[in-house]
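Reading through the structure tokens given below for one structure.
Protein chains: 2
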Amino acid sequence: MEQFKNYLIEHNIRPSLQRLMIYEYLYKNHNHPTADDIYSALSPLIPTLSKTTVYNTLKLFVHNGVAITLNIEGNELRYDADTSVHGHFKCKGCGNLFDIRISGTPEVEGIDGFQVDEYQINIKGYCKICKVEK
Amino acid sequence: MEQFKNYLIEHNIRPSLQRLMIYEYLYKNHNHPTADDIYSALSPLIPTLSKTTVYNTLKLFVHNGVAITLNIEGNELRYDADTSVHGHFKCKGCGNLFDIRISGTPEVEGIDGFQVDEYQINIKGYCKICKVEK
DNA sequence: GTGCTTGCAAATCGTTTGCAATAGC
DNA sequence: GCTATTGCAAACGATTTGCAAGCAC
Chain W
1 MEQFKNYLIE HNIRPSLQRL MIYEYLYKNH NHPTADDIYS ALSPLIPTLS
51 KTTVYNTLKL FVHNGVAITL NIEGNELRYD ADTSVHGHFK CKGCGNLFDI
101 RISGTPEVEG IDGFQVDEYQ INIKGYCKIC KVEK
Chain E
1 MEQFKNYLIE HNIRPSLQRL MIYEYLYKNH NHPTADDIYS ALSPLIPTLS
51 KTTVYNTLKL FVHNGVAITL NIEGNELRYD ADTSVHGHFK CKGCGNLFDI
101 RISGTPEVEG IDGFQVDEYQ INIKGYCKIC KVEK
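Chains W and E, in that order, are what the protein sequence lines are.
Mapping the first sequence onto my numbering, position 29 (from 1) lands on 29, and the numbers just tick up by one.
Mapping the second sequence onto my numbering, position 24 (from 1) lands on 24, and the numbers just tick up by one.
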């Protein structure tokens, strides 16, 4: 818990109870939750927690660089405390989201001189299990 | 116009006026519009056009493989008639969306044996112009 | 006590759904 | 005539906003 506290402080985020717990949840659960997932998980632990706070906090996290958003599904935003470059695979069968390690960024053309801040690789399809069952 | 008509028919899409015009708009405007953009652009030309039809049509296009969706921004879905594998760069300054050519898909790890249907590379940052102005 | 943080309620926005009117083969 | 398509209105769900109460330094 102390590690998280310092990490947030380093990123100019005052470590309130809510923020600490939301960050801890994000860090420990690599399931790329939505704001609603986080709210549902933490609401029993912090009975007064509101969704607004979850949204506020996540926006702050992204802005201060301790989390990234995943735009893999059109209608919802998912969050990830792993801010390093990596990809995601969304299974259209079971709905699970898998992390993908990327070895060597691909050659891209058309953005010479552009400043790259975020880099997302999203792949959709069917995972091993769902593929077989089709 | 005739070319589009045949293209749609080939993909089992009955070429109604609305569908033809929506496809033509998508094909000719490489600005990756939202459903709303398309509605706004075509509404003056087809006064009775409804947003529902735009949504229905776009969903049909994606399902039948003549368009793809872009999930680069969390709250909105964008559409692209270019169904080949290519990436997109979203400038956080001017909001413009640039096409990126990708030479050689990157090495990925973690999805051995998975069936890949869609492949998206989304990059965000600042384009040449906005980068300078910052 | 001043400013940041929280949290309720209402509003907003993109999208979907139910259903009746319409058009095309 | 039957089926696919259209389009209005209402519903929906994720997110944002306005604002008042609470907390921390």
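Positions of the beta carbon are idealized from the N, C-alpha and C atoms, including for glycine.
Owing to the predicted nature of the structure, the values given are computational and were not obtained by experimental measurement.
For residue i versus residue j, is the C-beta distance shorter than 8 angstroms?
i	j	result
W:ILE68	W:THR53	no
W:LEU17	W:VAL66	no
W:ALA41	W:TYR25	yes
E:ASN12	E:ASN64	yes
W:LYS131	E:PHE114	yes
Take residue i as the anchor and find which of the options has the nearest alpha-carbon.
i	options	result
E:ARG78	E:LYS128, E:ILE9 and E:ASN29	E:ASN29
W:VAL85	W:CYS91, W:LEU70 and W:ASN75	W:LEU70
E:VAL62	E:LYS51, E:ILE123 and E:ARG19	E:ARG19
E:CYS127	W:TYR23, W:ASP112, W:ILE123 and W:GLY125	W:ASP112
E:ASN96	E:ILE129, E:TYR39 and E:PHE114	E:ILE129
E:PRO15	E:ILE38, E:LEU60 and E:CYS94	E:LEU60
W:HIS32	W:PHE4, W:LYS131 and W:ALA81	W:ALA81
E:THR34	E:THR48, E:LEU58 and E:PHE4	E:LEU58
W:ASN122	E:GLY87, E:SER103 and E:PHE98	E:GLY87
W:GLU118	E:CYS94, E:ASP99, E:ILE72 and E:LEU49	E:ILE72
Taking just the CA atoms, how far does residue j sit from residue i?
i	j	result
W:VAL108	E:ARG101	6 angstroms
W:LYS92	W:GLN120	19 angstroms
W:ASN75	E:GLY74	7 angstroms
W:GLY110	W:VAL116	13 angstroms
E:PRO44	E:MET21	12 angstroms
W:GLY125	E:TYR27	25 angstroms
W:SER103	E:GLU10	39 angstroms
I'd like to know whether the C-beta of residue i is nearer than 8 angstroms to at least one C-beta of chain W.
i	result
E:ILE38	no
E:SER16	no
E:ASN19	Here residue 19 of chain E is Arg; the residue named in the question, Asn, does not match the sequence. Closer than 8 angstroms: no.
E:VAL108	yes
E:LYS131	yes
E:LEU77	yes
E:PHE61	no
E:GLY87	yes
E:ILE22	no
E:ILE46	no
So that I know if they touch, is there some Cβ in chain E lying closer than 8 angstroms to that of residue i?
i	result
W:ASP117	yes
W:LYS28	no
W:THR69	yes
W:CYS127	yes
W:ASP99	yes
W:ASN122	yes
W:SER103	yes
W:GLY65	no
W:PHE114	yes
W:ILE72	yes
W:ILE9	no
W:ILE111	yes
Going by the DSSP bridge assignment, what does residue i pair with across the sheet?
i	result
W:TYR79	W:THR69
E:LEU97	E:LYS90
E:VAL108	W:ILE102
E:VAL116	W:GLY125
W:THR140	Here chain W covers residues 1 to 134 and nothing more, so residue 140 of chain W does not appear.
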